[in-house]
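Under our numbering, the first residue of the sequence shown carries the number 276, and numbering increases by one thereafter.
Before any comments, here is the structure.
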Amino acid sequence: MPAQAPAGAAGAVEELREDWGQTPMTRSYIHLHVGLDAAGLDLAALEPHYTSMAAWDDVTAEQNMVAISNPALLDPSLCPEGKLILHMYGAGNEPFGIWSDADAAGRPAYERLKEERARRLWEALET
């Protein structure tokens, strides 16, 4: 590794910073991690990744797209035999403001919001 950055590196880094500063921020993510009993499921018929869309007219709409990962299909050592682990998340379509408001309102409000907003993730799993 060189003792000094190559000539022009500082300018290139500054250019990147300017570009990054113009990139719009995504909205927040909501996650749900679940362990399931796989008894009776045909694991060979399952895929490691799914996408659930509530509607196709605006894929970036709030709580529209949910990504579902089933990593144990790729690496069975991740969970005991006969079990599944799933990771579901709203793909950058969760408004952060409602979470900061609920957090400021106290733990009970935050827990209620978690329950309410997670419903979409459970619905995605069921479809």
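Even glycine gets a Cβ: it sits at the ideal position worked out from N, Cα and C.
DSSP places D312 within a strand segment (E or B) once states are collapsed to three. Taking the CA atoms as reference points, L307 sits about 44 angstroms from P281. Counted as a single uninterrupted DSSP element, the stretch harbouring E369 is not any alpha helix (DSSP H) but the beta strand (DSSP E) occupying residues K358 to E369. If the five residues before and after Y325 are omitted, its C-beta is found closer than 7 angstroms to the C-beta atoms of I343, all from its own chain and listed in chain order. Under the DSSP definition of a beta bridge, Y325 partners with I343. Sequence-distant Cβ neighbours of D378 in its own chain, meaning closer than 6 angstroms and more than five residues away, are Y385.
Excluding five sequence positions before and after P346, the CB atoms of its chain that fall closer than 8 angstroms to its own CB belong to P323, L353, I360 and H362, given in chain order.
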